[in-house]
Amino acid sequence: MQVVLHYAELGLKGKNRPYFEIRLSENVKRLLSPLGAVRLHRQPGRILVELPETVRWEDVRSRLSCACGLSYFARVHVLPADMDRLEALLAAELPALSFRSFACRCRRMNKEYPLTSEQMNRRLGAFVQQRFPGTTVDLDAPDLEIFVELVNKVFYAYFRKEPGPGGLPAGTAGRVVTLLSGGIDSPIAAWRMIRRGCRTSFVHFHSMPFTSQASLDKVRELAQKLEPWQGPARLHLVPFGPLQQEIVTGAPQEYRVILYRRFMTRIAEAVARREDAHALVTGDSLGQVASQTLTNLETVNSVATLPVLRPLIGMDKQEIIDAARRIGTFDTSALPHDDCCSFLMPRSPATASSPEKAAEAEKGLDVARLVKEALARATEERIGGGA
Ligand code: ATP
Ligand code: MG
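See below:
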């Protein structure tokens, strides 16, 4: 089976282009290898993939839909660049595709070919109409599109484009650390950054034994669901209970959640520095809950020295839910879990705060020691990659 891969933005990257193509090729290889022997051929402006004929197209299609950087892909017939051969292919293949109207969409990468794209379109159009009486050409909304790409000395012919996820190949934009809760939002935030070319590690804070083992498994499962998109990743599990207890006894109750968040930020940042990551990622969406008001975001953000990326900040909950359903994390996120922040939750969390007041509230706490101890308690797991 042969498949052609098209990429959009990464085609524009000038002298970085080979690097992007190589990363994309590696990612595609990782996704498709479990199906059988994969061969990739980089061609001008596209990649041709060869797979054994026994592989199911459904499997190829669902795996390629996770290959960030692809604008579209198609299962293709590859044949010598000879118009008679192309017409013979159409005569053989088109009867199985019911259509009344059609359009020919030929493109040449090889400008030395004796026919222009327009001439190819006209010749094929006339052939199809004569061979399949009653069919008409409709360039705007045809039942069937006949795509032909001339690449070097061969034609790639296909009748259906499959949309890719867009974005940039995972691994081309550097490394980030996502604060992964068990909720709906943070996996989508991670996904959005992965789609822009990042590789992410995950940090999850839990209050075991006050929160359940099932909640941890849920977080593992969420990280696992993102694996096809980016490949293997690290998940850091940070016991947060002892730190929370110190906050509860040493700081005003209305500041608890904000202080939890500040400590999460500091700890995640320490992990990020160790991993040579250059930003943190959270699932914050403005105003969604008390801890995500603008002033609270400012108060939490003020302890960070790395950029904190919040790709969902301007999204509505329903939009995030729709994305989670598409990506496949929703069902896992929707399972019940205990949030470490509802453990020792204050009765009335502050919705208006300031960095100064938070620093004041933290005065009785030994911040450096608490961060260090939390890091020492953390464990690390590998997600995916057969380990
Ligand atoms: P989510 O659906 O991602 O849990 P949420 O709407 O429940 O988000 P919050 O609980 O306020 O919102 O969390 C905001 C963000 O803080 C999360 O998206 C996540 O990035 C981070 N976060 C919250 N709790 C944890 C946790 N226990 N471990 C790691 N990160 C967390
Ligand atoms: Mg949450």
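Position in the sequence shown counted from 1, then plus 1120, gives you the working numbering. The beta carbon of each residue, even a glycine, is placed where N, CA and C say it ideally should be.
Residue range 1137-1152 is occupied by the alpha helix (DSSP H) that includes Tyr1139.
Going by DSSP, Val1409 is part of no beta strand (DSSP E) at all; its letter is neither H nor E. Residues Val1296, Leu1426, Pro1427, Leu1429 of the same chain have their beta carbon placed closer than 6 angstroms to that of Ala1399, with the five preceding and five following residues left out of the count.
Annotation for Ala1261: no alpha helix (DSSP H) segment contains it, and DSSP assigns it neither H nor E. Runs of the alpha helix (DSSP H) lying entirely within the segment 1148-1209 and spanning at least 4 residues, in chain order: 1177-1184. Restricting attention to Ser1221, Glu1170, Phe1325, Thr1452, the CA atom closest to the CA of Val1196 is found in Glu1170. Not one heavy atom of the ligand ATP is found less than 7 angstroms from the C-beta of Ile1441. Three or more beta-carbon pairs separated by less than 8 angstroms link the segment 1339-1346 to the segment 1434-1450, which places the two stretches in contact. Ranked by how close their Cα comes to the Cα of Cys1226, the residues Gln1350, Leu1199, Leu1270 have Leu1270 in first place. Tyr1380 and Arg1228 have their C-alpha atoms spaced approximately 59 angstroms apart. In the structure shown, Arg1430 falls within a coil segment according to DSSP collapsed to helix, strand and coil. Shown here for Lys1338: same chain residues with a beta carbon closer than 7 angstroms to its own, the five before and five after excluded, namely Gly1302, Thr1452, Leu1455, His1457 in chain order. In this structure, DSSP gives Ser1405 a state outside helix and strand, which the three-state scheme calls coil.
Pairing Leu1206 with Phe1279 gives a Cβ-Cβ distance that is not under 8 angstroms. Exclusion of Asp1458 from the 7 angstroms shell around the ligand ATP follows from its C-beta lying no nearer than that to any non-hydrogen atom of the ligand. When DSSP reads this structure, Glu1282 sits in a beta bridge with Phe1193.
Val1296: member of the beta strand (DSSP E) spanning 1294-1299, first to last residue. Between Ile1308 and His1324, the alpha-carbon positions lie close to 15 angstroms from each other.
Collapsing the DSSP output to three states places Leu1235 in coil. Here Met1384 is not near Pro1359, since their CB atoms are 8 angstroms or more apart.
Across the structure, Gln1122 and Glu1173 are spaced so that their CA atoms are roughly 9 angstroms apart. Annotation for Leu1490: Leu1363, Glu1366, Phe1383 place their beta carbon closer than 8 angstroms to its own, counting only its chain and skipping 5 residues before and after. Sorting Val1268, Arg1150, Ala1496 by C-alpha distance to the C-alpha of Ala1390 places Ala1496 at the top. Arg1220 sits in coil when the DSSP states are folded into three classes, being neither helix nor strand. For the pair Ser1185 and Ile1167, the CB atoms are not nearer than the 8 angstroms cut-off. Checking the DSSP bridge columns, you'll see Ala1353 partnered with Ile1503. Annotation: Glu1232 to Phe1140 spans about 28 angstroms, alpha carbon to alpha carbon. In terms of Cα proximity to Gln1333, the closest of Ala1424, Leu1357, Thr1292 is Leu1357. With a cut-off of 7 angstroms, the C-beta of Gln1365 is classified as distant from the ligand ATP, since no heavy atom of the ligand falls inside that distance. DSSP places Ser1453 in the uninterrupted alpha helix (DSSP H) bounded by 1450-1453. DSSP places Phe1383 inside the alpha helix (DSSP H), whose first and last residues are 1376-1394.
Taking 8 angstroms as the cut-off, the Cβ atoms of Arg1220 and Asp1263 count as close.
Annotation for Gln1122: the continuous beta strand (DSSP E) segment containing it runs 1122-1127. Going by DSSP, Thr1415 is part of the alpha helix (DSSP H) stretching over 1414-1421.
The beta carbon of Gly1294 sits closer than 7 angstroms to the beta carbons of Cys1318, His1398 from its chain, once the five residues preceding and following it are set aside; these are given in chain order.
One Cα belongs to Leu1209, the other to Arg1394, and the distance between them is close to 56 angstroms.
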